[in-house]
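First up is the structure itself, then whatever we jot down about it.
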């Protein structure tokens, strides 16, 4: 895609910041949006934002995508008569997390559904013909054959988070059907890496083992996850800017890892043994995830480049370089 103006929501988020870095490096003008909410420790968002904030091609706006009036005003300014408006919207702003969504479903719908609808309608209003949505492997629930293909049944989500992403996906199809907007929906599989979300298992394992805290294991620890390194996810997301019509595409590593094996790797890289405690598995958690990624290879010429050991090594190095404050980050 030729360099142009791209609206990127969630630009201080874990994936969003890395996507912003790649877009800026490729010569795009990035209109970055993030409300910098306190869903988790804001220091992580501020650390990420510092990586990109001073780039001359970034325009950063602190606002909430569920605030229709503020978002409309921003688009009016960006799409006004002074020049070419945005060529694409990449919507990575989201309330994420399975367990937290069970406690407060409403905030998930505000951001993930209403926020997406606001952005879609502004694309319609301002003739922006490319929209990328971050969705989730959580849609596959349980009972689908693995590895999960994009045409699997997603009608029985196990959490309000997954349900909100299903709603956002269906809105994207509606706007594609009615207005011809080119839609690429990515179902991300368990993204991890430096400065990641602190409620995710690998951040927790690195912090807990590094600081000598008990490692909480849900169930027997034999559940598996298709962990995918953030750099690979960001590359795939940007590859989705090409015209594709309407496509739902998995981005995953295609190599699931058992949680106990992940803990053992962190022990090795940190150089300390984990003190483990067990609790029952949360009903909203699935036993396993595994991405079938043939579609991403075929349509985007994309495949993951990072090994699990290298990716976890990068996370451990980041943590220890930032340990002075990262050790105090709540893991939720």
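In the UniProt record's numbering, the protein residues as written are 1 to 332.
Even for Gly, the Cβ is constructed at its ideal location relative to N, Cα and C.
Checklist entry - If you follow the beta strand (DSSP E) that residue 247 is part of, which residue opens it and which one closes it? => result In the DSSP assignment, residue 247 falls within the unbroken beta strand (DSSP E) covering 246-251.
Next on the checklist: Tell me which residue opens and which closes the alpha helix (DSSP H) that residue 105 is part of.
Outcome noted: Element bounds for residue 105: 105-109.
Checklist entry - Thinking just about the alpha-carbon of each residue, which of 116, 5, 271, 115 is nearest to the one in residue 59? => result It is 5.
Checklist entry - Between which two residues does the alpha helix (DSSP H) harbouring residue 151 extend? => result According to the DSSP assignment, residue 151 belongs to no alpha helix (DSSP H), since it is labelled neither H nor E.
Item to check | When 92, 100, 183 are compared against residue 159, the one with the closest alpha-carbon | outcome: Closest option to residue 159, Cα to Cα, is 100.
Item to check | Where residue 292 sits in the DSSP three-state scheme | outcome: Reduced to three states, the DSSP call for residue 292 is coil.
Item to check | Pairwise C-alpha distance: residue 142 and residue 295 | outcome: Between residue 295 and residue 142, the C-alpha separation is close to 21 Å.
Item to check | C-alpha gap between residue 70 and residue 165, whole angstroms | outcome: Between residue 70 and residue 165, the C-alpha separation is close to 23 Å.
Checklist entry - Under the three-state reduction of DSSP, which class applies to residue 265: helix, strand or coil? => result Correct three-state label for residue 265: helix.
Checklist entry - In terms of residues, what are the limits of the alpha helix (DSSP H) holding residue 21? => result For residue 21, the enclosing alpha helix (DSSP H) covers residues 14-25.
Checklist entry - Do you know how far the Cα of residue 215 is from the Cα of residue 190? => result If I take the Cα positions, the gap works out to 19 Å.
Checklist entry - Straight-line CA distance for residue 202 to residue 138? => result Taking the straight line joining both Cα atoms gives about 17 Å.
Item to check | the segment 4-20 / the segment 225-245 touching (three or more Cβ pairs under 8 Å) | outcome: Touching, yes, given that three or more Cβ pairs across the two stretches are closer than 8 Å.
Checklist entry - Are residue 200 and residue 131 closer than 7 Å when you measure CB to CB? => result In this structure, residue 200 keeps its C-beta atom at 7 Å or more from the C-beta atom of residue 131.
Item to check | Endpoints, the alpha helix (DSSP H) within which residue 321 is located | outcome: Element bounds for residue 321: 308-321.
Checklist entry - Can you name the residues that DSSP bridges to residue 70? => result According to the DSSP secondary-structure assignment, residue 70 is paired through a beta bridge with no residue.
Item to check | Element boundaries [beta strand (DSSP E), containing residue 30] | outcome: Counting along the chain, the beta strand (DSSP E) containing residue 30 begins and ends at 29-33.
Checklist entry - Per DSSP, residue 217 is paired with what? => result According to the DSSP secondary-structure assignment, residue 217 is paired through a beta bridge with 278.
Next on the checklist: Tell me whether the segment 320-331 and the segment 251-267 touch, counting them as touching only if at least three CB pairs, one residue from each stretch, are closer than 8 Å.
Outcome noted: Output reads no: the segment 251-267 does not touch the segment 320-331.
Item to check | Per-residue burial, residue 91 [other beta carbons within 10 Å of its own, 16 or more giving buried] | outcome: The residue in question, residue 91, is buried, as its Cβ has 16 or more Cβ neighbours within 10 Å.
Item to check | From 89, 270, 320, residue whose alpha carbon lies closest to that of residue 115 | outcome: That would be 89, whose Cα lies nearest to the Cα of residue 115.
Checklist entry - What is the DSSP secondary structure of residue 101, counted as helix, strand or coil? => result The DSSP-derived three-state label of residue 101 is helix.
Next on the checklist: For a quick check, are the C-beta atoms of residue 297 and residue 209 less than 7 Å apart?
Outcome noted: Not a contact, by the Cβ cut-off of 7 Å.
Next on the checklist: Starting from residue 227, trace the beta strand (DSSP E) in both directions and tell me its first and last residue.
Outcome noted: Here residue 227 belongs to no beta strand (DSSP E), and DSSP marks it neither H nor E.
Checklist entry - What span of residues does the alpha helix (DSSP H) with residue 46 cover, start to end? => result Segment 42-52, the alpha helix (DSSP H) holding residue 46.
Checklist entry - Is residue 159 helix, strand or coil when you go by DSSP? => result The answer is coil: DSSP assigns residue 159 none of H, G, I, E or B.
Checklist entry - Which of helix, strand or coil does DSSP assign to residue 285? => result Coil.
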